[in-house]
Every structure is written in structure tokens, then in C-alpha cells.
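The next block holds one structure in the form of C-alpha cells; read it before the comments.
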Amino acid sequence: MKTFRALLSLVLPKWLAHDIHSFLFHPYWRKHIVKISNNSRVTSAGITCKDEKFSSRRPFKNLDKDRILNLFRKNNVHSVLDVGCGVGRLVKELSEEGFNACGININKLEIEQAQHPDIFLYDIQNSIENCPLKTKKFDAVVSIDCIEHLESPLIALKNINKLLNPNGLFIAYIPSARWIECDYHIIVYSPRQFRWLLNLAGFDLIAKKGRYRMSKNGVTYFARKIMEKGPVYPAVLE
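Quick note: the sequence shown, position 171, residue 171 per the working numbering, numbers continuous.
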């Protein structure tokens, strides 16, 4: 299979060769050869995951910890919310770093394991009136490996906007294109798609780090709240 992809790369751009190769050799198209059990799922990266995926990701997974902490301190960030916090490892580490950190999650089992007083049950796609933190405002919000799971990402981003102080920071990590064909992801956003979603939600993208294609890791987006009702910039018709 690697030889086939190498041959494709001789006549096509690398990203296109990678996409064609992934399409042809994805387990969906080979299901008559490869049996996939009912209680597992196979991603385009060839990773099999159990249905009840338990998130105990390490703090700052795939993020530049020093860059983020320096950004927080430079912008006088004191309070941070982790959206989709798993068992709260990032919440705990941020607390140890001196920040007032909270987390929200929709998985009751993860919240029970976290045993942390500042981790709450809430779906960021629901009405902000149902949020246990609706009366609080945060200087920064972080969301790692979360937005790609959501059926209503624009509603979620607007709710995140409402939970931020004016000029608050929003940092989101989205996995790379290799995770598109993963049955517990709704969509893995390209940089252009996610930049426009941020814009519609009232955020201005100030920086991004990482690669969407041909990368094991994904892209980290750094945005700032500009207004509570977007879009910040009007549509550009090409």
C-alpha cells in the first residue's frame, strides 16, 4: 500500500495522493475482507476504539504548554474553562499553575472519576440558561478534541463566546484530516472551515499552529472574542 501511495505521489500533489490512498484502503471499502465487530470502530488512522471511549487525555495533549501559559500570563488570564474536559487532568494542572480553572463535560462517568468540585455536567450545545456556570465569565476557554464531536458546533461556539469576558481568549485543538473517517467525529474541520465558524460566532482568529493534512497531529487555533454576536467579518464572495 505504501508503494502505491509513493507511485501516486510521483504524479499528484502529496495531499491528493494521501487522500486517494486513504479513500481506497479505508476499512469501509474493505469490509468484505476485514471483519469489524459491532462493539468497535475503526478510524482512517487504523486505530480501533471501544464504543465507550473514556477520555483520560494527558494535560495539554498536542498543545504547546509553555506557549499557552505565556499567552495567558501576557493577557492577564486568571480564570480558565475547559470545554470537554474529560476526567479533568487539564483543569487540575491549570489549578496547580495558579489559575482559577473549571471544566464542563457531558460524560457522567468521567465526572465521577474526576472527583473535582469545579467540573460540571453540561452539554455546550444546549441553551446557556442550562449551564451551571452561566453567571460566571472566564478570561480564557480551552477546548481540546471536542468541537469535531459536536452536531451543532456554531451553537457551541456562540455559547463559549457568552461565557467569555470581553476580549477573552479561546484556544481550540482540532485533529488532522486523517481523522475525518472516524465514526465518533461529526466533521474534522479544515482551517478555512473553522476560521469561518469562529468568525460567525464572534471570534477573530489571531494565530494557528499545526497542519491539517499529512500530519499525525492537528491544528491549534488561537482566537479572541470581538463581539457577542457575529460575524466579525462579512462574507467574501470569490
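All C-beta atoms in this analysis are idealised placements derived from N, C-alpha and C, irrespective of residue type, glycine included.
TODO: Go ahead and pull the three-state DSSP assignment for residue 50.
DONE: For residue 50, the predicted model reports a pLDDT of 40, less than 50, meaning its position is unreliable; a value from the coordinates is still stated below. The answer is strand: DSSP assigns residue 50 an E or B state.
Task: Straight-line gap, residue 133 to residue 99 (C-alpha atoms, nearest Å) - done: One C-alpha to the other measures close to 17 Å.
TODO: Report the rounded CA-to-CA distance for residue 93 versus residue 177, giving the unit in angstroms.
DONE: Approximately 29 Å between the Cα atoms of the pair.
Open item on the list: Using only CA atoms, which one of 182, 140, 145 and 123 lies nearest to residue 168?
Closed with: Here the closest residue by C-alpha is 140.
Task: Opening and closing residue of the alpha helix (DSSP H) in which residue 160 lies - done: 153–162 is the extent of the alpha helix (DSSP H) around residue 160.
- [ ] List in chain order: all unbroken alpha helix (DSSP H) runs of 4+ residues lying wholly within the stretch 163–229.
- [x] Within the stretch 163–229, the complete alpha helix (DSSP H) runs of at least 4 residues are 191–200.
Open item on the list: For a test of the three-state rule: what should DSSP assign to residue 12, helix, strand or coil?
Closed with: Residue 12 falls in the coil class under three-state DSSP.
Task: For residue 70, three-class secondary structure by DSSP - done: It is helical.
Task: Neighbourhood of residue 52 by C-beta distance below 7 Å, restricted to the same chain and skipping five residues each side - done: At residue 52 the pLDDT is 41, less than 50, meaning the model places this residue with poor confidence; the figure from the coordinates comes in the next sentence. If we look at residue 52 and ignore the five residues flanking it on each side, it has no Cβ neighbours.
Open item on the list: With the cut-off set at 8 Å, would you say residue 84 and residue 127 are in Cβ contact?
Closed with: Cβ distance not < 8 Å, so residue 84 and residue 127 don't count as in contact.
Task: Distance CB(residue 204)-CB(residue 173) smaller than 8 Å - done: Not closer than 8 Å, so no.
Open item on the list: So, at 7 Å on beta carbons, what are the nonlocal neighbours of residue 215 in its own chain, with the 5 sequence-adjacent residues on each side left out?
Closed with: Excluding its 5 nearest sequence neighbours in each direction, residue 215 has C-beta neighbours in its own chain below 7 Å: 176, listed in chain order.
TODO: Look up residue 143 in the DSSP assignment and say whether it is helix, strand or coil.
DONE: The answer is strand: DSSP assigns residue 143 an E or B state.
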